[in-house]
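Quick note on our numbering: the sequence shown kicks off at 164 and runs consecutively.
Glycine residues also receive a C-beta, built at the ideal position from the N, C-alpha and C atoms.
Contents: one structure, followed by commentary.
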Amino acid sequence: MAQARKHKTSTNRTELFKVLALVGVIGLGLTVWGALSAGSAMAGLEVNPNPPAALLEAVSGRRPWPWQSTMLMVIFAVVVAAIAVVVVRMRPKDRRQIDDAARTMASPRELVEMTGKDAEKKSRRLRPDADPSAHKKPGIELGPLVWGRTSIWMSWEDNLVGVGGQRTGKSAAVVIPTIVDAPGASLTCGNKPDVYQATRVICEERGTVWLFDLQGVTGQRTTNFWWNPLRRIERLGSARELAGFFVSASKEPGARADAYFDGGAQELLALYILAAAGVGGDLLHVVDWLGRDQDPTPAVILESTGKRRAAARIRDTQALTSKQRDGLYDMARRFLNVLSDDDYALAVTPPVRRKIIVENTLHSSTSSATDSDSASVRTETGEYMHALPEFDPVAFVSSTDTLYALSMEGPDSTAPLTTALIGQVLAGAVELSLKSRGGRLKVPFVAMLDEAANICPLKDLPKWYSHFGSRGIILGTFLQSTKQGVRVWGKEDTDAMIAGAIHYYGGNVQDTDYLRTLSDLVGTHEVPVESRNHGSGSNSSSLSYRTEPILSVKDLAALPGDRALVRFPKNPPVLIRKAFYFNGPHAAKIQESNEKYGNPEGLIDVDLDGTVTVPADVDSTDEPYEW
């Protein structure tokens, strides 16, 4: 808990007002005396050096008040009025009642590597090969401090977890500015079109835009590419990783797992993926083979490619009792249910498929296609499917391109495909970082995962938070509440993910346990309490202090829409103004993008002053493949 600090409230403000009033009266008297003395000197009259005596003489009429003194008083009044106008105009127009709390929170001097020259120094250390001018923006700007007006920066080794309810401006304040300012490739996912609409014009000026929107989030069901999830799968480990992506998104949050069937089905899926990858197959081959639990093709392929132990695992599974076998195969098929939709399946299907044929080479009555010594595998050109370009997740990471992976919840969700796509991109980023100097990407890769718990529930995401920052992989994961994260990753992993990252609270959360934890992190301050005693013929007062939270649970629940509470690792929490894109340097370009791609009024999903604006219906004008 932060150390308690003194806080000025109405009690000691009253005492301060009394002192200021007395000083004001004395100052006004001296000003009038100064005008009288200067005016008298200008008029050739005698000057009385005693202010009280001179003022009494003027008031009683014993000393004349020259017109020069009147002019001096008018000039003084004009100067004071001008100063007052400037002060009023300099006062923040967006001041909120909660801003007073920032006075007893951490000051800019107490913050480490978040602001100013400290942040620039860190940027130079993390990106030694970058152009010197790049360090003027030493990361991702999260917004200026309410108290101090100093901007705080998310560095190129920080990851972020954002927690905020609906209409708190996550996209407008963090995701959109981050995507348009990304130094290299960037990725974003979500279930709304706002980020795509606002950023596409800027992103397509610096690289290729890849749009994955099979459910029509942008207004039409479309994708302008296909990708091969099996392209780089050569080992069982990478096949298990891909299977894990599909499994992560295929289970209902909080569903109880069966150690035998869940684990066995996932391993079976990985074995079939490995087989398909070994002969240039695709995921539809995997689906077909899983539908025929006695099909020898996967085992024969694995035998022919030298993966005998993997082949034996498949044959062992095929030899189980029908009840066990049916349970495993049925569950493995469910993990790929998303491919039952032909339109969805096309996104992971090559332009021309391969036919995979297993042949018996001995043609003996005692041999069968299941005998590895008597079977061979060959492929030939298959059916033409489409003419879409291929998206390569690994090549993408080192580009200046942008990937929009959009999906929605529900029974028609493409979340398994979205999760697998994003998972392979992030795995590709790790692969490239391992080959880079110091184990860090030369140019940081940025991924903003909005609604991650719903449309991109990567099982290993909390673990990635422990090392992605050091690799130059910058993650931002946004949740509507911590309970949403707990349902997907469990409490321990969710807490660890938040604890090791920048914690960005955007408001509109009603979970009192979570808010109480935040309140405790902010700390307490000492509030003065004045006690008055009225006795016979005398009055007395005394001043004492009581300890109160700087920000109560109630304060945090009602956090204004343009404020955020941010906690950096090794730093105390601070209150900031959100850095909305429409106040930034790219506002005009973003408006152009909104007009071109379906949000001409630039509406944002945030409540700033009590008036809620909701994005309008969109009609994308994109020109990729459409169903």
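Q.
So the candidates are Glu655, Lys300, Leu399 and Asp344; which of them puts its Cα closest to the Cα of methionine 277?
A. Of Glu655, Lys300, Leu399 and Asp344, the residue nearest in Cα terms is Lys300.
Q. Quick one: Cα of alanine 779 to Cα of glycine 382, how far?
A. With a pLDDT of only 37 at alanine 779, under the threshold of 50, the placement of this residue in the model should not be trusted; the figure read from the coordinates follows. Going by the C-alpha atoms only, they are around 11 Å apart.
Q. Any idea what DSSP makes of glutamate 404, helix, strand or coil?
A. helix
(Q) Can you tell me where the alpha helix (DSSP H) holding aspartate 676 begins and where it ends? (A) 675-685
Q) Looking at C-alpha atoms only, which residue of Lys605, Ile618, Arg600 and Gly653 is the closest neighbour of proline 625? A) Gly653
Q | Span separating the alpha-carbon of serine 530 from that of alanine 538 | A | For serine 530, the predicted model reports a pLDDT of 40, less than 50, meaning its position is unreliable and no value from the coordinates is stated.
Q | Segments of 4+ residues assigned as alpha helix (DSSP H) that fall wholly inside the segment 509-584 | A | Entirely contained in the segment 509-584, the alpha helix (DSSP H) runs reaching 4 residues are, in chain order, 556-560.
(Q) Let's see if you can read the secondary structure: which residues bound the alpha helix (DSSP H) around leucine 491? (A) 485-497
Q) Between the C-alpha atoms of tryptophan 389 and threonine 680, what's the straight-line distance to the nearest angstrom? A) Their Cα atoms are separated by approximately 45 Å.
Q) Contact between the segment 282-297 and the segment 235-246: three or more CB pairs below 8 Å? A) no
**Q.** Burial state of alanine 510, where buried means 16 or more other Cβ atoms lie within 10 Å
**A.** buried
(Q) Going by DSSP in three states, leucine 191 sits in which element: helix, strand or coil? (A) helix
Q) I think aspartate 718 touches isoleucine 261, with their Cβ atoms under 8 Å apart; what is that distance to the nearest whole Å? A) 6 Å
Q) Going by the beta-carbon positions, is the gap between methionine 571 and threonine 341 smaller than 7 Å? A) no
Q.
Extract the residue ranges of the beta strand (DSSP E) inside the segment 267-326, only unbroken runs of 3 or more that lie entirely within it.
A. The segment 267-326 contains these whole beta strand (DSSP E) runs: 303-307 and 314-317.
Q. Tyrosine 677: buried (16+ other C-beta within 10 angstroms of its C-beta) or exposed?
A. buried
Q: Could you tell me how far apart the beta carbons of lysine 470 and leucine 437 are, in whole angstroms, since I believe they sit closer than 8 Å?
A: 7 Å
Q | Extent of the continuous beta strand (DSSP E) run through cysteine 352 | A | 349-353
Q. Distance, Cα to Cα, glycine 635 vs valine 501?
A. 32 Å
Q | Boundaries (first-last residue) of the beta strand (DSSP E) holding tryptophan 373 | A | 372-376
Q: Would you mind working out which of Lys486, Gln487 and Thr460 sits nearest alanine 475, comparing C-alpha positions?
A: Thr460
Q) How is the alpha helix (DSSP H) around threonine 207 delimited, first residue to last? A) In the sequence under discussion, the amino acid at residue 207 is glycine, which differs from the threonine named in the question. Where glycine 207 is concerned, there is no enclosing alpha helix (DSSP H), given that its DSSP letter is neither H nor E.
Q: Leaving aside the five residues before and after aspartate 445 along the sequence, list all residues of the same chain whose C-beta is less than 8 Å from its C-beta, in chain order.
A: Correct list, in chain order: Asn391, Leu393, Ala439, Val511, Thr512, Pro513, Arg516 and Arg517.
Q) Whose C-alpha, out of Leu235, Thr233, Met234 and Ala216, is nearest the C-alpha of valine 226? A) Correcting the residue identity first, residue 226 is arginine in this sequence and not valine. Of Leu235, Thr233, Met234 and Ala216, the smallest CA-CA separation from arginine 226 is found for Ala216.
Q.
If you reduce the DSSP assignment to three classes, tell me which class histidine 630 lands in.
A. Here histidine 630 sits in coil by DSSP.
Q | methionine 205 versus threonine 194: straight-line alpha-carbon distance, rounded | A | 16 Å
Q: Decide yes or no for the touch test of the segment 364-371 against the segment 558-571: beta carbon pairs closer than 8 Å, at least 3 of them.
A: yes
Q. In terms of residue numbering, what span does the alpha helix (DSSP H) encompassing alanine 610 cover?
A. Counting along the chain, alanine 610 falls outside any alpha helix (DSSP H), though it belongs to the beta strand (DSSP E) covering 608-613.
Q | Three-state secondary structure assigned by DSSP to alanine 462 | A | helix
Q | Counted within 10 angstroms of its Cβ, other Cβ atoms place tyrosine 547 as buried (16 or more) or exposed | A | exposed
Q) Under three-state DSSP, which class holds proline 736? A) Looking at proline 736 - three-state DSSP - the assignment turns out to be coil, as it is neither helix nor strand.
Q: Return the chain-ordered list of same chain residues with a C-beta closer than 6 Å to the C-beta of alanine 428, the five sequence neighbours on each side being excluded.
A: Leu491, Met494 and Ala495
Q. DSSP three-state call for serine 644: helix, strand or coil?
A. coil
(Q) Am I right that glutamate 273 and proline 732 are in contact with their C-beta atoms under 8 Å? What's the rounded C-beta distance? (A) So it is not a contact: roughly 14 Å between Cβ atoms.
(Q) Mapping the DSSP letters down to three states, classify asparagine 696 as helix, strand or coil. (A) strand
(Q) When you compare the CB positions of alanine 265 and tryptophan 316, do they come within less than 7 Å of one another, or not? (A) Their beta carbons are not under 7 Å apart, which means alanine 265 does not touch tryptophan 316 by this criterion.
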